[in-house]
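Only one structure is covered here, and it is reproduced in the block below.
Residue numbers (this note's numbering): 38 to 528.
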């Protein structure tokens, strides 16, 4: 194990978060496609620790289920009563048990423990790596992650030794002198500890404070009094250490993270026309020269290919957009949009839709569990559900794939190079063979052989004089009479 690799990362996520005013535990609130604690766990994993322990308490079953589903391999420690941050870390070390003892004996650096808060979603893996590196390089007993902020009001100030730069104290705002209140370097609540010294000091933490709790910050004073060095690592961006306590802060963190994600995309060659109106999740990926227009949301495992354009006013979730495709004013969930395909405006691709290269799902088209072949067009006002359509076919306007009989879904197959008329109903299960045509207004209930024309509609019958007899004196009757008189005069 390298000296910079922690033996353990402990994530503190036991609090209730009452200021969120929510039935959802605070650490499970979502920003940019991940829970708050999920962002912290993802950052912590970049350190490649031997063990990753999340301390849970309030709504522990929900948090554990979430971690087990999305972050397999993460251990949890239960803090039955929230008796302070020091108590929480002690619960984490007890959870490690014999594994922790073997790591402590592993030599220099092997016993480093990094402690982070579960409600700091902007904290990056790079910043945590810098903290661990500083801790190892300086040989500190504990290293505090700090930040220099424009306004330090309300924060604990970092007081340093002028000669050595070592941290001599963390002074809370209410206890600070005027000189100390002028300090802009603050405590983030994130630490790297020598594990052996941490374990020993936790046993000496007292609870004779106003809250009757074990404070992790008391460990710093204990270690300093024992002659050990306390150092600091300064975060490059003070906004990374922002914690979330209410919905206002949640929205602000979401905005900041969104800006970070879009900036990363733009620096990699993506055009984002109006970043202020575009929302992306952390799991979204792009290829260069993709273009994102205003009012667009890209969510989940969405991927935008090279030269593709999405938006305006488009929402894609878990959707792949192929190279050169165009998606305009559309919604897609769990769909695949092929290379140079066209979607929208005002189209809805539901889960299971696979649109082939150069295919089209046009205006007011809805698709679900449908595979559309290369070059095939469904231009407008149609529903295609539970269907397979071959290559270079054209589906007429106002067509409906009637896939549900009230009890079960059934499949429709349309071949390649077919031309189906407007206002068709395809009553599944049914197959239209390659090269076949269907007449406008047809209800197709039987298979159509390849190369055939299917006509399934009643014969038109005109009943002369019906309006005059059934609607006498009406505007329609008067218009019909006037038209008849014109014909008579011209005749």
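Every residue gets a Cβ at the ideal spot worked out from N, C-alpha and C, and that includes glycine. Predicted, not measured: the structure shown is a model, and the values here were computed from it.
Top-ranked residue by Cα proximity to residue 409, from 244, 400, 401 and 423
As a first step, residue 409 must be located in the chain shown, where it is residue number 372. Selected option, being the one with the closest Cα: 423.
Which same chain residues end up closer than 6 Å to residue 372 when comparing Cβ atoms and leaving out the 5 residues on each side of it in sequence?
Counting from one through the chain shown, the residue named residue 372 turns up at place 335. Hits under 6 Å: 356, 386 and 390.
I need the boundaries of the alpha helix (DSSP H) containing residue 51, first residue and last residue.
Start at 1 with the first residue of the chain shown, and residue 51 comes out as number 14. Counting along the chain, residue 51 falls outside any alpha helix (DSSP H), and DSSP gives it neither H nor E.
Same chain, Cβ closer than 7 Å to residue 420, neighbours up to 5 away in sequence not counted:
The residue you call residue 420 lines up with position 383 of the chain shown. Once the five neighbours on either side are set aside, the close Cβ partners of residue 420 are 403, 437 and 438.
Assign residue 233 to one of three DSSP states: helix, strand, or coil.
For the purposes of this step, residue 233 is taken as residue 196 along the chain shown, with counting starting at 1. Here residue 233 sits in helix by DSSP.
Who are the Cβ neighbours of residue 222 in its own chain at under 6 Å, not counting the five residues just before and after it?
Within the chain shown, the letter at position 185 stands for residue 222. For residue 222, where only same-chain residues beyond five positions count, the Cβ hits under 6 Å are 183, 185 and 195.
Measuring only the C-alpha atoms, how far is residue 245 from residue 205?
Within the chain shown, numbered from 1, the residue matching residue 245 stands at position 208. Within the chain shown, numbered from 1, the residue matching residue 205 stands at position 168. Rounded to the nearest whole angstrom, the C-alpha separation of residue 245 and residue 205 is 22 Å.
Compute the Euclidean distance between the alpha carbons of residue 217 and residue 89, then round it to the nearest angstrom.
Position 180 of the chain shown, counting from 1, holds the residue named residue 217. Position 52 of the chain shown, counting from 1, holds the residue named residue 89. Roughly 36 Å between the two C-alpha positions.
Excluding the 5 residues flanking residue 209 on each side, which residues of the same chain have their C-beta closer than 7 Å to its C-beta?
Here residue 209 refers to the residue found at position 172 when the chain shown is read from its first residue. Excluding positions up to five away in sequence, the list reads 193.
When you compare the CB positions of residue 327 and residue 345, do they come within less than 8 Å of one another, or not?
Taking the chain shown and counting its residues from 1, the one referred to as residue 327 is at position 290. Taking the chain shown and counting its residues from 1, the one referred to as residue 345 is at position 308. Closer than 8 Å, so yes.
Ignoring anything shorter than 3 residues, give me the beta strand (DSSP E) runs that lie fully in the segment 73 to 153, in order along the chain.
88 to 93 and 112 to 115
What residue from 527, 484, 169 and 116 has the CA that sits closest to residue 42's CA?
By 1-based counting over the chain shown, the position of residue 42 is 5. The shortest Cα separation from residue 42 among 527, 484, 169 and 116 belongs to 169.
So, does the segment 280 to 288 touch the segment 303 to 314, judging by three or more C-beta pairs under 8 Å?
no
Determine the extent of the alpha helix (DSSP H) in which residue 259 is found, giving its start and end residues.
To locate residue 259, count along the chain shown from 1; it is residue 222. Run containing residue 259: 255 to 262, per the alpha helix (DSSP H) assignment.
Any contact of the segment 106 to 119 with the segment 75 to 87, i.e. 3+ C-beta pairs under 8 Å?
With the cut-off at 8 Å, the segment 106 to 119 and the segment 75 to 87 touch.
Helix, strand or coil at residue 523 according to DSSP, with G and I counted as helix:
One-based indexing of the chain shown puts residue 523 at position 486. Note: residue 523 maps to helix in three-state DSSP.
Mind checking whether residue 457 and residue 475 have CB atoms under 8 Å apart?
The residue given as residue 457 occupies position 420 in the chain shown. The residue given as residue 475 occupies position 438 in the chain shown. Result yes, Cβ atoms of residue 457 and residue 475 sit closer than 8 Å.
Neighbour-count burial assignment, residue 145, 16 or more Cβ in a 10 Å radius:
As a working note, residue 145 is residue 108 in the chain shown. Bear in mind that the predicted position of residue 145 carries a pLDDT of just 42, short of 50, making it too unreliable to give a figure here.
In angstroms, rounded to a whole number, what distance separates the CA positions of residue 230 and residue 237?
For the purposes of this step, residue 230 is taken as residue 193 along the chain shown, with counting starting at 1. For the purposes of this step, residue 237 is taken as residue 200 along the chain shown, with counting starting at 1. In a straight line, the C-alpha of residue 230 is about 11 Å away from that of residue 237.
Decide if residue 71 is buried, meaning its Cβ has at least 16 other Cβ atoms within 10 Å, or exposed.
Counting from 1 along the chain shown, the entry for residue 71 is found at position 34. It is buried - the Cβ of residue 71 has at least 16 other Cβ atoms within 10 Å.
Which value, in whole angstroms, describes the spacing of the CA atoms of residue 440 and residue 497?
Numbered from 1 along the chain shown, position 403 holds the residue referred to as residue 440. Numbered from 1 along the chain shown, position 460 holds the residue referred to as residue 497. Here the alpha carbon of residue 440 sits roughly 28 Å from the alpha carbon of residue 497.
Does residue 523 have its Cβ less than 8 Å from a Cβ in chain C?
Absence of chain C from the displayed structure is noted, only one protein chain being present.
CB of residue 343 within 8 Å of CB of residue 362, strictly
Position 306 of the chain shown, counting from 1, holds the residue named residue 343. Position 325 of the chain shown, counting from 1, holds the residue named residue 362. For residue 343 and residue 362, no; Cβs fall outside 8 Å.
Going by C-alpha distance, which of 477, 452 and 448 is nearest residue 534?
Absent from the model: residue 534. The displayed extent of the chain is 38 to 528, so no value can be given.
Excluding sequence positions up to five away, which residues of its chain have a Cβ less than 7 Å from the Cβ of residue 495?
The residue labelled residue 495 in the question sits at position 458 within the chain shown. Nothing meets the Cβ criterion.
Top-ranked residue by Cα proximity to residue 154, from 120, 358, 352 and 278:
As a first step, residue 154 is located in the chain shown; it is residue number 117 there, counting from the start. Among 120, 358, 352 and 278, the Cα nearest to that of residue 154 is on 278.
What is the DSSP secondary structure of residue 414, reduced to helix, strand or coil?
Counting from one through the chain shown, the residue named residue 414 turns up at place 377. Three-state result, residue 414: strand.
Between the alpha carbons of residue 317 and residue 129, how many angstroms are there, rounded?
Translated into the one-based positions of the chain shown, residue 317 becomes position 280. Translated into the one-based positions of the chain shown, residue 129 becomes position 92. Going by the C-alpha atoms only, they are around 34 Å apart.
Please determine, among 260, 121 and 119, the residue with the shortest C-alpha to C-alpha distance to residue 552.
What the structure shows of the chain is the stretch from 38 to 528, and residue 552 is not part of that stretch, so it cannot be assessed.
Give a single yes or no on whether residue 128 has its beta carbon closer than 7 Å to a heavy atom of the ligand SAH.
The ligand SAH is absent from the structure shown, which contains no ligand whatsoever.
Relative to the C-alpha of residue 397, which residue among 333, 406, 388 and 411 is closest?
As a working mapping, residue 397 is identified with position 360 in the chain shown. Comparing Cα positions, the closest option is 411.
If you run the structure through DSSP and keep just helix, strand and coil, what is residue 370?
For this step, residue 370 is matched to residue 333 along the chain shown. DSSP places residue 370 in strand when its eight states are reduced to three.
Tell me whether residue 490 is buried or exposed, calling it buried when 16 or more other Cβ atoms sit within 10 Å of its Cβ.
In the chain shown, residue 490 corresponds to position 453, counting from 1. Looking at its Cβ environment, which holds fewer than 16 other Cβ atoms inside 10 Å, residue 490 is exposed.
Pick helix, strand or coil for residue 47, following the three-state DSSP scheme.
One-based indexing of the chain shown puts residue 47 at position 10. Correct three-state label for residue 47: strand.
Report the residue ranges of all beta strand (DSSP E) runs contained in full by the segment 248 to 329; include only those spanning at least 3 residues, in chain order.
267 to 271
Limits of the unbroken alpha helix (DSSP H) element including residue 215:
As a first step, residue 215 must be located in the chain shown, where it is residue number 178. Taken as a continuous stretch (DSSP letters only), the alpha helix (DSSP H) holding residue 215 covers 215 to 218.
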